[in-house]
Structure formats: structure tokens, C-alpha cells
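For the sequence shown, the residue numbers in full-length UniProt numbering are 1 to 99. Down below is the structure, laid out as C-alpha cells.
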Amino acid sequence: MLWLWGYGGGPVSKETYARVWRAARATALTPVQQRSPLARRPYDLRHAAVSLWLNEGVPATQVAEWAGHSVQVLLRVYAKCVDGQYDVALRRIGRAIKE
């Protein structure tokens, strides 16, 4: 459980946290993005980061370490989020063959 402390020294209520998160989404996202599940919850940022790292070609072993997963768990959970790797893989193979 995440605990954030308010000005008075007590924990921030779930309602306050949710209100601030909605306001942040409204500021940062387009209206179309706001209607999507993008960053619906703060925890979604973790999924976004892991998906971004994998899609940008960061090795699964490194992403797993950063995310605190085993490679097996990482690939089971995030394999469906990896997109566009086919062309990247072909380019890498082509470069390796030319070398």
C-alpha cells in the first residue's frame, strides 16, 4: 500500500489522491487519451514504462531487473505489449550478416 503524507502530517485520503490523479491526467493527456485506459491508475505508469523499454529494444534481462521480475514473468505478462519488433529484428540480422 502506498502512503503519502499531507500537510497536517496524516496520510492523504484515497479521495484526495484520486482527485489529484484525475487532475494530473486532465492536464497531461488529450481528451481522447483521457477517455482511454492510459494512466488510469498511477500503477499503470509501471506497465507503460516496461512496455516502452521492451518496445525500444532494451534486453528482457535488463527490463526484468529494473521491474523486479524474473524474465519468465516479464515475458508472460508483457509479451502481448511488444509491438514492432519484427522490423527491428530484420534490420539487426541484416546488419549482422553484412559485417
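Where is the CB? At the ideal position from N, CA and C, for every residue including glycine.
- Per DSSP, the beta-bridge partners of TRP5 are PRO11.
- Around the CB of ALA64, 16 or more other CB atoms lie within 10 Å, so the residue is classed as buried.
- Inclusion of ALA60 and LEU75 in the CB contact set at 8 Å is warranted, their separation being smaller than that value.
- Annotated three-state conformation of SER36 is coil, per DSSP.
- Fully enclosed alpha helix (DSSP H) runs of no fewer than 4 residues occupy 31 to 35, 44 to 55, 60 to 67 of the region 18 to 74, in order along the chain.
- Just so you know, the alpha carbons of ALA18 and LEU54 end up roughly 29 Å apart.
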